[in-house]
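Trainee:
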Amino acid sequence: MAKTYDVVVIGGGPAGYVAAIRCAQLGLETACVEQWTNFKGDPALGGTCLNVGCIPSKTLLESSEQYHHIKEGIASHGIRVEGLQLDLNQMMARKEDIVLQLTNGIGALFKANGVEWLQGHGKLLANRQVEITAQDGSTEVVSADHVIIATGSKPIEIGAAPVDNAEGFIVDSTGALDFREVPGTLGVIGAGVIGLELGSVWNRLGSKVIMLEAVEDFLALADQQIAREALRQFKKQGLDIRLGTRVTATQKTENGVLVSFKDKDSEQEVTVDKLLVSVGRRPNIDNVAAPEADLLLDERGCIYVDDKCETNLPGVYAIGDVVRGPMLAHKGSEEGIMVAENIAGQHGHLNYDAIPWVIYTNPEIAWVGKTEQALKTEGIPYKIGTFPFSANGRAKAMEAATGMIKLLAHAETDTLLGCHIIGPFASELVQEAVLAMEFHASSEDLARTIHGHPTLYEAMHEAALSVHGRALHKINT
Ligand code: FAD
Ligand code: NAD
Numbered sequence: 000m001a002k003t004y005d006v007v008v009i010g011g012g013p014a015g016y017v018a019a020i021r022c023a024q025l026g027l028e029t030a031c032v033e034q035w036t037n038f039k040g041d042p043a044l045g046g047t048c049l050n051v052g053c054i055p056s057k058t059l060l061e062s063s064e065q066y067h068h069i070k071e072g073i074a075s076h077g078i079r080v081e082g083l084q085l086d087l088n089q090m091m092a093r094k095e096d097i098v099l100q101l102t103n104g105i106g107a108l109f110k111a112n113g114v115e116w117l118q119g120h121g122k123l124l125a126n127r128q129v130e131i132t133a134q135d136g137s138t139e140v141v142s143a144d145h146v147i148i149a150t151g152s153k154p155i156e157i158g159a160a161p162v163d164n165a166e167g168f169i170v171d172s173t174g175a176l177d178f179r180e181v182p183g184t185l186g187v188i189g190a191g192v193i194g195l196e197l198g199s200v201w202n203r204l205g206s207k208v209i210m211l212e213a214v215e216d217f218l219a220l221a222d223q224q225i226a227r228e229a230l231r232q233f234k235k236q237g238l239d240i241r242l243g244t245r246v247t248a249t250q251k252t253e254n255g256v257l258v259s260f261k262d263k264d265s266e267q268e269v270t271v272d273k274l275l276v277s278v279g280r281r282p283n284i285d286n287v288a289a290p291e292a293d294l295l296l297d298e299r300g301c302i303y304v305d306d307k308c309e310t311n312l313p314g315v316y317a318i319g320d321v322v323r324g325p326m327l328a329h330k331g332s333e334e335g336i337m338v339a340e341n342i343a344g345q346h347g348h349l350n351y352d353a354i355p356w357v358i359y360t361n362p363e364i365a366w367v368g369k370t371e372q373a374l375k376t377e378g379i380p381y382k383i384g385t386f387p388f389s390a391n392g393r394a395k396a397m398e399a400a401t402g403m404i405k406l407l408a409h410a411e412t413d414t415l416l417g418c419h420i421i422g423p424f425a426s427e428l429v430q431e432a433v434l435a436m437e438f439h440a441s442s443e444d445l446a447r448t449i450h451g452h453p454t455l456y457e458a459m460h461e462a463a464l465s466v467h468g469r470a471l472h473k474i475n476t
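Residue numbers (numbering that gives the first Met the number 0): 0 to 476.
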């Protein structure tokens, strides 16, 4: 007889492992099936995010920013540094150490909460049975009252630039997080979130970075006023971003990779030492469900779910990157919590209108809610409040007084509809707007909230005052 659980989660990334822990906290007997093998060849929890995504990329962004700041930004503080050296091996070792600490930590959390880790590949069969294939090829079938599929996503591949991380010339994000020397020239196909973050890492460490982006609009999802400012800043930093450019072919040569591309005017070629392909990610549905399970996909190839993340099969749920919505770790985790609570008979829910986005470049870019272009398209009347960091004392002291905060509020009700930031610690600042939007706050509520001085948060206060033309530290127009 197959062993039976209350819940079996397939996938132990930020969506799946959080769902498993929350299920266990709620008293449900829970197992999590996970197949990942880490860089040491050991089984690992944490998925893309902890192993080859959010955590290693933010670790390298931090290290490279410190290096670059000491090299280029510290002299204006009256600090002179001589003999600065880059120890890339140590930088990579630190990254690996942090990844191991955090992924091992999830194992400890599983033990503490009583979640059973079933190592291997999980496949949904009919009637909420799950087949687990271990690395040695042996199989076991377990059954569950509820199954949560959280199998994540994979990089999209393009025919013109086939990725081979082992060879190390044309790579995806996993390869670009692990270069063992700084490429002289790094080509990047796709100037989206990964391209900009990893392009920034290697640009700061000394690479010449050339980014080939198919679309004419830079950061099309972001508020376009913020995107324009971002493009200006990144170009100033030396990122060579070419919009409206299509890569037609690549060829490995003695000197690296020859990239052929065309824009609207001409066909061109460039040789780069390494080429990063970062053109988006696709839901991972590879061998996740047997045909007899009858699991429905949507028109974009994601697992179809309703607003409570239930699939077409009763008792089977799907969460995280494998379903519709933004491919963000915190979105998947919150879906996991919602599903766990609903399975336990509670009233889990998720406000999809208040999911923050962050791009960890310098300056950082972060937003929540509607962009100005979306409000225009939807015909929603709005007011704008902005405040530049150049007029914020704390940002000046930090030598980081670039960018702005832009708030959008409903023209009639004053309810906050969106917050868009480019500037220092945008990743942290945006949370004030997320909280405000969760509470359906108005710009007036933010304007009447006391913000400490001197802080970056004062820029949020001033942007809220600016919605009604009464910012104190800028000339109101
Ligand atoms: P995943 O993290 O992909 O986890 C899925 C897990 O399921 C994997 O461990 C996989 O091994 C396992 N699995 C798959 N199929 C099976 C199977 N059949 N059986 C058993 N196990 C299976 N998001 C942010 O919010 N912030 C960031 O800063 C950020 N930075 C990123 C940087 C990079 C370079 C990348 C690539 C992504 C980044 N993301 C970031 C996106 C984030 O990593 C994903 O949104 C997040 O990991 C999705 O979580 P998930 O649990 O749905 O999927
Ligand atoms: P993306 O969707 O952010 O960017 C892909 C870019 O590639 C787009 O600008 C697109 O127009 C372009 N593109 C597509 N096909 C192309 C082609 N053939 N040639 C040239 N350009 C092309 O995707 P990504 O950067 O690969 O990241 C994948 C996802 O991972 C993100 O959408 C995000 O959800 C997640 N992520 C999040 C973070 C974060 O939260 N900080 C960081 C990294 C990744």
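Think of the CB as a built atom: it goes at the ideal place given N, C-alpha and C, for glycine as much as any other residue.
(1) Spell out a yes or no on whether the segment 282-294 and the segment 192-202 are touching, meaning 3 or more CB-CB pairs, one atom from each, closer than 8 Å.
(2) Assuming GLN204 and LEU85 are in contact, meaning their beta carbons sit under 8 Å apart, how far apart are those beta carbons, in whole angstroms?
(3) With H, G and I counted as helix, E and B as strand and the rest as coil, what does DSSP make of TRP201?
(4) Mind checking whether the beta-carbon of SER199 lies closer than 7 Å to any heavy atom of the ligand NAD?
(5) Pick helix, strand or coil for CYS22, following the three-state DSSP scheme.
(6) Rounding to the nearest angstrom, what Cα-Cα distance links LYS307 and TYR351 in this structure?
(7) Just checking, does the segment 249-267 make contact with the segment 158-177 on the three C-beta pairs under 8 Å criterion?
(8) If distances are taken between C-alpha atoms only, which option among GLU61, PRO387 and LYS405 comes closest to HIS366?
(9) Count the other CB atoms within 10 Å of the CB of GLU81; is the residue buried (16 or more) or exposed (fewer)?
(10) Do THR247 and ALA159 have their C-beta atoms within less than 8 Å of each other?
(11) Check the C-beta distance from VAL111 over to GLY335 and give it rounded, since I have them as a contact under 8 Å.
(12) Is it true that the CB of ASP5 sits closer than 8 Å to the CB of ALA143?
(13) Check the C-beta distance from THR132 over to GLY119 and give it rounded, since I have them as a contact under 8 Å.
(14) Helix, strand or coil: how does DSSP classify CYS31 here?
(15) Under the three-state reduction of DSSP, which class applies to GLN100: helix, strand or coil?
(16) Going by the DSSP bridge assignment, what does GLY384 pair with across the sheet?
(17) Relative to the alpha-carbon of PRO42, which residue among ASN164, GLU130 and GLY106 has its alpha-carbon at the smallest distance?
(18) Out of THR376, ALA219 and ASP239, point me to the one whose CA is closest to MET210's CA.
(19) What are the boundary residues of the beta strand (DSSP E) that includes MET436?
(20) Determine the burial state of ARG469: buried for a count of at least 16 other Cβ atoms within 10 Å of its Cβ, exposed for fewer.
(21) Give the straight-line distance between the Cα atoms of ASN50 and LEU471, rounded to the nearest whole angstrom.
(22) What residues in its chain sit with their C-beta under 8 Å from that of LEU296, if we drop five residues either side in the sequence?
(23) For GLY368, name the three-state secondary structure that DSSP assigns.
(24) So which of LYS153, ILE147 and HIS67 has the shortest CA-CA distance to THR29?
(25) Quick check on the DSSP output: the alpha helix (DSSP H) that includes LEU44 runs from which residue to which?
Mentor: Answer, in terms of the structure:
(1) no
(2) The residue you call residue 204 lines up with position 205 of the sequence shown. The residue you call residue 85 lines up with position 86 of the sequence shown. Note on identity: in this sequence residue 204 is Leu, with Gln being the wrong assignment. The beta-carbon separation of LEU204 and LEU85, rounded to 6 Å, stays under the 8 Å limit for a contact.
(3) By 1-based counting over the sequence shown, the position of residue 201 is 202. In the three-state reduction of the DSSP assignment, TRP201 falls in the helix class, which pools H, G and I.
(4) Here the question's residue 199 lines up with position 200 in the sequence shown. Relative to the ligand NAD, SER199 has its C-beta separated by 7 Å or more from all heavy atoms.
(5) As a first step, residue 22 must be located in the sequence shown, where it is residue number 23. If DSSP states are grouped into helix, strand and coil, CYS22 belongs with the helices.
(6) Sequence index remark: in the sequence shown, residue 307 carries index 308 (1-based). Sequence index remark: in the sequence shown, residue 351 carries index 352 (1-based). Computed Cα separation, rounded: 11 Å.
(7) Segments in contact, yes.
(8) Position 367 of the sequence shown, counted from the first residue, corresponds to residue 366. The displayed chain sequence assigns Trp, not His, to residue 366. The residue with the shortest Cα to Cα distance from TRP366 is LYS405.
(9) In the sequence shown, residue 81 corresponds to position 82, counting from 1. Exposed, since its Cβ has fewer than 16 Cβ neighbours within 10 Å.
(10) Residue numbering aside, residue 247 sits at position 248 when the sequence shown is read from its first letter. Residue numbering aside, residue 159 sits at position 160 when the sequence shown is read from its first letter. Cβ distance < 8 Å, so THR247 and ALA159 count as in contact.
(11) One-based indexing of the sequence shown puts residue 111 at position 112. One-based indexing of the sequence shown puts residue 335 at position 336. Residue identity differs from the one stated: residue 111 is Ala in this sequence, not Val. Contact flag wrong, Cβ pair sits at about 17 Å.
(12) Start at 1 with the first residue of the sequence shown, and residue 143 comes out as number 144. Start at 1 with the first residue of the sequence shown, and residue 5 comes out as number 6. Going by C-beta atoms, ALA143 is nearer than 8 Å to ASP5.
(13) Counting from 1 along the sequence shown, the entry for residue 132 is found at position 133. Counting from 1 along the sequence shown, the entry for residue 119 is found at position 120. Confirmed, about 5 Å.
(14) The sequence position of residue 31 within the sequence shown is 32, counting from 1. It is a strand residue.
(15) What you label residue 100 is simply residue 101 of the sequence shown in a count that begins at 1. DSSP places GLN100 in helix when its eight states are reduced to three.
(16) Taking the first residue of the sequence shown as 1, we reach residue 384 at position 385. According to DSSP, GLY384 bridges with LEU406.
(17) On the sequence shown, position 43 is the one that residue 42 refers to. Closest by alpha carbon: GLY106.
(18) Here the question's residue 210 lines up with position 211 in the sequence shown. Per the Cα distances, ASP239.
(19) Looking up residue 436 in the sequence shown gives position 437. Counted as a single uninterrupted DSSP element, the stretch harbouring MET436 is not any beta strand (DSSP E) but the alpha helix (DSSP H) occupying residues 425-437.
(20) For this step, residue 469 is matched to residue 470 along the sequence shown. Exposed is the call here.
(21) Stepping through the sequence shown from its first residue, residue 50 is reached at position 51. Stepping through the sequence shown from its first residue, residue 471 is reached at position 472. Approximately 46 Å between the Cα atoms of the pair.
(22) Along the sequence shown, one-based indexing puts residue 296 at 297. These residues qualify, in order along the chain: ILE284, ILE302 and TYR303.
(23) Along the sequence shown, read from residue 1 onward, the residue named residue 368 stands at position 369. Reduced to three states, the DSSP call for GLY368 is strand.
(24) Translated into the one-based positions of the sequence shown, residue 29 becomes position 30. For THR29, the nearest C-alpha among the options comes from ILE147.
(25) As a position in the sequence shown, residue 44 is number 45, starting the count at 1. Membership of LEU44 in any alpha helix (DSSP H) is not indicated, and neither H nor E is assigned to it by DSSP.
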